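For the sequence shown, the numbering used here assigns the number -12 to the initial residue and increments by one for each residue that follows. Ideal Cβ placement from N, Cα and C applies to all residues, glycine included. Note that the structure is predicted; figures quoted are calculated from it, not measured. Since the structure comes first, as structure tokens, the remarks are kept for the end.
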Amino acid sequence: MAVTKVMEATDVSYAYGFKSVLDHVSLSLRKGEVVSLLGPNGSGKSTLLKLLLGIYSSSTGEVRLDGVLLRTVPRKSLAKRIAYVPQLHTLSFPYSVLNVVLMGRIAYRSLWSSYSEKDRLTAVQALERLHISHLKDRPYTELSGGERQLALIARALAQGADILIMDEPITGLDYGNQVRLLQQISELSREGYTFLKSTHFPDHALLVANRVVLLKEGRVIDEGLPNHVVTQENMQRLYQIAVDIITVRDGIRCCVPRLPSSNHLKDSGNP
């Protein structure tokens, strides 16, 4: 049975002035999958995400949502299908977590109306789904990095979107919060949510992704199953560093950089 493509970019290009950032890139998203976008700084990852969000317009090619040209979809309708989870950020005002999540319901309100009971119930349910309902009255500005990212995902869920586009969501999180966030992405994808996330961590692509896309200098240099794409050769090509891809258990693989000998850093036995 064919897997439904919920979103597709075909042959898209973009430039800032005379500087080309994306060069004839194609990418598709299928319902319920996690796609990891790997690439060094300046490779065009964030620009591609903004094209898929409808923030930028491509100079070539097209983007379609459920087969419909993205540029023809009304903004409110678009907001009910696609949500954006940015990199770790702070707000200027100490809104409560519940109020931050309620912002996801803006597409369902008229200009001067207040939030309805349905809006509030939806926001609370989104918090409960991510197991952070105990944070609802806390100021967002007082949360840890991991808690903020979960609150932003809750806002995306309250928005009613089933496609979540995430720009380096792991950046700035400690190891425990990175794992918790990856677990939530994995769980939500099994419920039918679709994810496109940019990342700098090959290990995260190996752990939580159905497909991996490698982007370098505005071009896709490889795409496919994580174990086929995250290879020693591709990581060398992408980042100009030598790595080893190691199988640790049950077929799970990790990417380890080849660092110079660090014998001088070993424990000398002194307290």
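Rounded to whole angstroms, what's the CA-CA distance from L40 to I93? Just pull it up for me. Taking the straight line from one Cα to the other gives about 17 Å.
Based on DSSP bridge pairs, tell me the residues matched to A(-4). For A(-4), the beta-bridge partners assigned by DSSP are L14, V50.
Would V12 be called buried (16 or more neighbouring beta carbons within 10 Å of its own) or exposed? Answer is buried; the Cβ neighbour count reaches 16.
Below 7 Å between beta carbons: does that hold for S45 and Y1? By the CB criterion at 7 Å, S45 and Y1 fall inside the cutoff.
At least 3 beta-carbon pairs within less than 8 Å: the stretch 80 to 95 vs the stretch 163 to 172: Counting Cβ pairs under 8 Å, fewer than three are found: no touch.
A2 - partner residues in DSSP beta bridges: Paired residue(s): S7.
What would DSSP say about S176, mapped onto helix, strand or coil? The answer is helix: DSSP assigns S176 an H, G or I state.
Could you check how far apart the C-beta atoms of G261 and S176 are, in whole angstroms? I think they sit under 8 Å. Summary: the structure shown does not reach residue 261, with the chain confined to residues -12 through 258, and so no result is reported for it.
Which of helix, strand or coil DSSP assigns to L246: Correct three-state label for L246: coil.
By alpha-carbon positions, which one of T(-9), V8, V(-7) ends up nearest to V207? Nearest option by C-alpha distance: V8.
Looking at C-beta atoms only, is the number of pairs between the stretch 127 to 136 and the stretch 97 to 115 that lie closer than 8 Å three or more? When C-beta atoms of the stretch 127 to 136 are compared with those of the stretch 97 to 115, fewer than three pairs fall below 8 Å, so the two segments do not count as touching.
Determine the burial state of M(-12): buried for a count of at least 16 other Cβ atoms within 10 Å of its Cβ, exposed for fewer. Caution is warranted here: a pLDDT of 45 is assigned to M(-12), below 50, making its placement in the model unreliable, and the coordinate value is therefore given only provisionally. So M(-12) counts as exposed.
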